[in-house]
Amino acid sequence: MRKISFAEFGGPDVLHLVEAEEPHAGPGRIRIAVRAAGVNPVDWRIREGQVLGAHPVTLPAGVGLDAAGVVDEVGEGVEGVEGVEIGDHVFGEGTDTYAEFAVLSAWARMPAGLTFEEAAGYPSVVETALRIIREVGVRPGQTLLVSGASGGVGSAVLQIARERGITVIGTAGAANQDYLRGLGALATTYGEGWVERVRRLGRVDAALDLAGSGVIPELVELTGDPRKVVSIADLGAPQLGVRFSGAAGSVPDALAEAVDLISRGRLHIPVEKSYPLTEAAAAHADSRAGHTRGRRVLVV
Ligand SMILES: NC(=O)c1ccc[n+]([C@@H]2O[C@H](COP(=O)([O-])OP(=O)(O)OC[C@H]3O[C@@H](n4cnc5c(N)ncnc54)[C@H](OP(=O)(O)O)[C@@H]3O)[C@@H](O)[C@H]2O)c1
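With the working numbering applied, the sequence shown covers 462 to 761.
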């Protein structure tokens, strides 16, 4: 089969399309014929060698955590529990998903009406959004400030918070203000004077740093308590008394919750752009530029 691989850490040009052995579904896993793979910032962070503590890598390495596709192998012990069958259309999380075949460790049947491209954009962002809303401890009726609200994780946070009766104030670039409002948030731009603009929109009970843009002191000031702030993008957060959330996979029912929200029309992550598998390097460069609305996706 063909897959994207890199043999050294570095820029997007270390990614190459190579011939590789097909992976197989071990116990408790399934294999899919990948139709689309989600592009997450962690994918290029791993490629650059930035996050080796959380994601140990043996070179040469494959790329990609999220995918949607057609089940073609079911590992031992899976039947009867998750009830998945050969030929089912599923989306989920696994390893080396920028490939023609990939093994998934968590999956769910795709909701009706979703394309493979759309489905590939959900798994990691929904898991992250559910995890950090829980960790920041925001309750219905309260107001959550989200710094960097228009990306993949922000898009999921805004919609899940709205569903739970939480008011959201989101920051994003000028081009994404209407997008945030369309997701039910109060919106303002980041940059010079943003703290005052947020104050004018309302009192802030809790805050999420999704952009890693160095605003944690201001988020602490706005909430009045470092324990009411969580970051997923600034490793310096703990030095400021703020929790860094990085334990991916700690919301086991995230995909089931995603299916429920999508099926009820309460959650939609737009695809900013689709790329053929051969253009994985361009997808990484575009993601790294830091202004993705929703998710970028590779089509296999
Ligand atoms: N620790 C974890 O478990 C975990 C999990 C998932 C993601 N992450 C990390 O969290 C970050 C966000 O992930 P993502 O998938 O949502 O990223 P993304 O889709 O690339 O979105 C990034 C967003 O940040 C906004 N942004 C750019 N510069 C900004 C600034 N100075 N102030 C405020 N917002 C700014 C952009 O908005 P505009 O386009 O409007 O400028 C864009 O929508 C990434 O760094 C990723 O690596 C961590």
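In this text, a Cβ means the ideal position worked out from N, Cα and C, and glycines have one as well.
If we ignore side chains and look at the alpha-carbon of each, how far apart do residue i and residue j end up?
i       : j       : result
Gln-617 : Ile-730 : Reading off the sequence, residue 617 comes out as Ala, not Gln. Straight-line Cα distance between these residues: approximately 7 Å.
Ser-706 : Ala-468 : 29 Å
Leu-647 : Ala-742 : 35 Å
Ser-724 : Phe-577 : 15 Å
Val-479 : Ser-466 : 7 Å
Leu-701 : Asp-527 : 32 Å
Ala-668 : Ile-547 : 43 Å
Val-539 : Ala-672 : 38 Å
Ala-581 : Ser-611 : 18 Å
Pro-572 : Val-720 : 6 Å
Val-518 : Ala-633 : 33 Å
Leu-683 : Val-597 : 14 Å
Arg-660 : Gly-609 : 17 Å
Arg-570 : Ala-494 : 14 Å
Arg-506 : Asp-549 : 32 Å
Tyr-736 : Ala-698 : 34 Å
Arg-492 : Glu-733 : 27 Å
Gly-487 : Thr-604 : 44 Å
Gly-643 : Leu-565 : 33 Å
State yes or no: is the C-beta of residue i within less than 7 Å of the C-beta of residue j?
i       : j       : result
Gly-574 : Ala-563 : no
Leu-716 : Leu-722 : no
Val-629 : Val-607 : yes
Asp-557 : Gly-613 : no
Per the DSSP calculation, residue i is bridged to which residue(s)?
i       : result
Tyr-583 : Partner(s): none; Tyr-583 has no beta bridge.
Arg-757 : Val-500, Lys-734
Ile-491 : Val-535, Leu-565
Val-551 : Gly-530, Arg-570
Ala-648 : Gly-631
Phe-467 : Ala-522
Thr-604 : Thr-628
Buried or exposed for residue i, please, with buried defined as at least 16 other CB atoms from any protein chain shown within 10 angstroms of its CB.
i       : result
Arg-508 : buried
Ile-693 : buried
Glu-579 : buried
Asp-714 : exposed
Gly-652 : exposed
Leu-513 : exposed
Leu-696 : exposed
Pro-601 : exposed
Arg-592 : buried
Asp-504 : buried
His-477 : exposed
Thr-649 : buried
Asp-666 : buried
Gly-631 : buried
Give a single yes or no on whether residue i has its beta carbon closer than 6 Å to a heavy atom of ligand 2.
i       : result
His-477 : Judged by which ligands are present, ligand 2 is missing from the structure shown, whose ligands are ligand 1.
Are the stretch 526-544 and the stretch 587-595 touching by the rule of at least three beta carbon pairs closer than 8 Å? no
Under 8 Å: do the stretch 633-650 and the stretch 676-687 share three or more Cβ pairs, one atom per stretch? no
May I ask you to verify whether the stretch 493-500 touches the stretch 753-760, counting CB pairs closer than 8 Å and requiring at least 3? yes
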